[in-house]
Amino acid sequence: MEADPFLELRGITKRYGGVVANRDIDLTVGSGEVLALLGENGAGKSTLMNVLYGLAQPDAGEILLRGRPLRIRSPRDAIDAGIGMVHQHFMLIPVMTVAENIVLANEPRNGPLLDHAEANRRVAELSERFGLQVRPDASVESIGVAQQQRVEILKALYRGAQVLILDEPTAVLTPQEAEELFATVRALTESGTSVIFITHKLNEVLEIADRITVLRRGEVVSSLAAEGATREELSRLMVGRDVLLQVDKQPREPGAAVLAVSDLSVVDERGVELVNGVSLQVREGEIVGIAGVDGNGQSELVEAIAGLRRPSAGRITLEEADITRDSIRGRIDRGLGHIPEDRQRLGLVLDFTLAENTVLHDYAQPPASRLGWLHPRWILQYAARLLAEFDVRGGGARTPAGALSGGNQQKVVVAREVSGDPRLLIAAQPTRGLDVGAIEYVHRRLVAERDRGRAILLVSFELEEIRALADRILVMFEGRMVAEYGPDATNEQLGLAMMLGEAGTAPV
951 MEADPFLELR GITKRYGGVV ANRDIDLTVG SGEVLALLGE NGAGKSTLMN VLYGLAQPDA
1011 GEILLRGRPL RIRSPRDAID AGIGMVHQHF MLIPVMTVAE NIVLANEPRN GPLLDHAEAN
1071 RRVAELSERF GLQVRPDASV ESIGVAQQQR VEILKALYRG AQVLILDEPT AVLTPQEAEE
1131 LFATVRALTE SGTSVIFITH KLNEVLEIAD RITVLRRGEV VSSLAAEGAT REELSRLMVG
1191 RDVLLQVDKQ PREPGAAVLA VSDLSVVDER GVELVNGVSL QVREGEIVGI AGVDGNGQSE
1251 LVEAIAGLRR PSAGRITLEE ADITRDSIRG RIDRGLGHIP EDRQRLGLVL DFTLAENTVL
1311 HDYAQPPASR LGWLHPRWIL QYAARLLAEF DVRGGGARTP AGALSGGNQQ KVVVAREVSG
1371 DPRLLIAAQP TRGLDVGAIE YVHRRLVAER DRGRAILLVS FELEEIRALA DRILVMFEGR
1431 MVAEYGPDAT NEQLGLAMML GEAGTAPV
């Protein structure tokens, strides 16, 4: 790194009431350097990046760019200073074109109107310069997630970003798409752009980063060169203890079918078929993983099984009982548990306390209630036990769910669903946003539930997670099941099936 850092944060402290989210943090980024930012859920990464991008104001400390103090009071100030951010959930307008999204708020004009030809030309020139190939005239809703991510990066570069913050950038990418992103990052740094790379995937950190800064409980615990670092060392720094990075899962003979889906089809409000004649089974003591690029029907399939969406055709049975037309409550009562992929919209009531959220399924039954009266003391004690068991941080049983970080919100959902004694557990993106220590715990719990005879349907964009946990792997492409593999399938085989809809040669 250069003797004089391009970007420097000195003594950044940020408090929320009595909670210190960042405590006296120092961080530097050199010109053309990739700095990986690691830390557990609630370690302060998001708060620190919010301070840098102008979404939060620090209580103490300063930011320097090229050695000069910089006051960032809003994202507009950050953008004007050359700091861009690509959020994990893209901030694009689907019905607009790629070029329109990129030049939005800084459009070339032809009189009072947008000059479409000039916008397309500028975007084509920018994409050529940085090796980020996109079609300027394509609508955003018609392109895949990897292309949308390129659009977000180009949007930041169009505004002159010299420091680019990438928040969990590979969360919805196939292995091949992740490699393309890494090539893009390397091209950006060769042109002098500095990149702050936030991820939970330690292999990615070791592949792409020049330096690594690790946060724990709001403080910097280490800053080290990526060269020579190991996954074990980084996980120990993040969590403060040794972490088991390999899932300990023994072969197990599955029992009878718990879930059976037959010729299931789902159409959306426009009449577009999103799930096309899908059939599958999940048996006792078995984890079946569904792999696929986001947007290929996995979400709609899960919603249909869970009762959130009515199928247009087909049949769903749970332990031989037809639940195709059952209500959500009816499915829960029959033993279906569901960890939804959208924890805030479907998993929690953010205004409710954590205690109330832990009994959303069982509040009307003893011992949570009796004769229509809730038992607050029992609910609080039950919630406190779950929060401790699943290491939920950032609040107690009386804390509103909306006050927690996303990762800790996810732990609450997992705790409630796993502890609800389901016969079938649907786990959709169960470790999204979790740190390495929490991922280790969730993986162990899922395997333990499988060994107790639970049937588990796992949907994940993380191929390492699918391969580590699943006894059978199904690949979904454009609403259909196109391949089935055993757990020994490679990332390359799965990735090709996910992108092309064609089965490889891996044995089932």
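Counting with this note's numbering, you get residues 951 to 1458 for the letters of the sequence shown.
For glycine and all other residues, C-beta sits at the position ideal for the given N, C-alpha and C.
Predicted model, so just to flag it, every value in this text is computed and none were measured.
Beta-carbon proximity check, residue i vs residue j, cutoff 8 Å
i	j	result
residue 1289	residue 1367	yes
residue 1239	residue 1416	yes
residue 1378	residue 1308	no
residue 1160	residue 1425	no
residue 1249	residue 1291	yes
residue 1313	residue 1330	no
residue 1400	residue 1235	yes
residue 989	residue 1385	yes
residue 1036	residue 986	no
residue 1104	residue 1082	yes
residue 1112	residue 1144	yes
residue 1419	residue 1197	yes
residue 1355	residue 1089	no
residue 1120	residue 1131	yes
residue 1460	residue 1162	The structure shown does not extend to residue 1460, since the chain spans only 951 to 1458, so no value can be given for it.
residue 1362	residue 1298	yes
Start-to-end residues for the beta strand (DSSP E) that takes in residue i
i	result
residue 1207	1207 to 1217
residue 978	969 to 979
residue 1434	1430 to 1435
residue 1378	1374 to 1378
residue 1117	1113 to 1117
Extent of the continuous alpha helix (DSSP H) run through residue i
i	result
residue 1108	1095 to 1108
residue 1360	1356 to 1368
residue 1142	Looking at the DSSP string, residue 1142 is not in any alpha helix (DSSP H), and its letter there is neither H nor E.
residue 1231	That residue, residue 1231, is in no alpha helix (DSSP H); its beta strand (DSSP E) goes 1223 to 1233.
residue 1173	It is not in any alpha helix (DSSP H) - residue 1173 instead sits in the beta strand (DSSP E) that spans 1169 to 1175.
residue 997	995 to 1002
residue 956	Counting along the chain, residue 956 falls outside any alpha helix (DSSP H), and DSSP gives it neither H nor E.
residue 1076	1066 to 1080
Reduced DSSP category for residue i - H, G, I as helix; E, B as strand; rest coil
i	result
residue 989	strand
residue 1410	coil
residue 966	strand
residue 1275	coil
residue 951	Model confidence at residue 951 stands at a pLDDT of 45, short of 50, so the residue's coordinates are unreliable and nothing is read from them.
residue 1241	strand
residue 1186	helix
residue 1056	coil
residue 1495	Outside the shown range of the chain, which is 951 to 1458, sits residue 1495, and nothing can be said about it.
residue 1260	coil
residue 1388	helix
residue 1149	coil
residue 1427	strand
residue 1339	helix
residue 1161	strand
residue 1008	coil
residue 1422	strand
residue 1440	coil
residue 1450	helix
residue 1166	strand
residue 1457	Only weak support is given to the placement of residue 1457: the predicted model assigns it a pLDDT of 41, under 50, and the question is left unresolved by the model.
Nearest residue (CA-CA) to residue i, options the options
i	options	result
residue 1434	1354, 991, 1242, 1392	1242
residue 1165	1422, 974, 1431	974
residue 1246	1040, 1414, 1094, 1020	1094
residue 1295	1258, 1274, 1058	1258
residue 1421	998, 1233, 1076	1233
residue 1255	1244, 1230, 1237	1230
residue 1214	1261, 1382, 1135	1261
residue 1464	1039, 1316, 1304	Coverage of the chain is limited to positions 951 through 1458, which leaves residue 1464 absent and any answer about it impossible.
residue 959	998, 1128, 970, 1102	998
Contact with chain D by residue i, beta-carbon distance below 8 Å
i	result
residue 1180	This model lacks chain D altogether, as it is built from one protein chain only.
Return the chain-ordered ranges of every beta strand (DSSP E) run that is complete within the region 1013 to 1045 and spans a minimum of 3 residues.
At a cut-off of 3 residues, the continuous stretches assigned as beta strand (DSSP E) that sit fully inside the region 1013 to 1045 are 1018 to 1020, 1033 to 1036.
Report the start-end ranges of each beta strand (DSSP E) in the region 1264 to 1328 that is 3 residues or longer and not cut off at the edges.
Taking only runs of at least 3 residues, the beta strand (DSSP E) segments lying wholly in the region 1264 to 1328 are 1286 to 1289.
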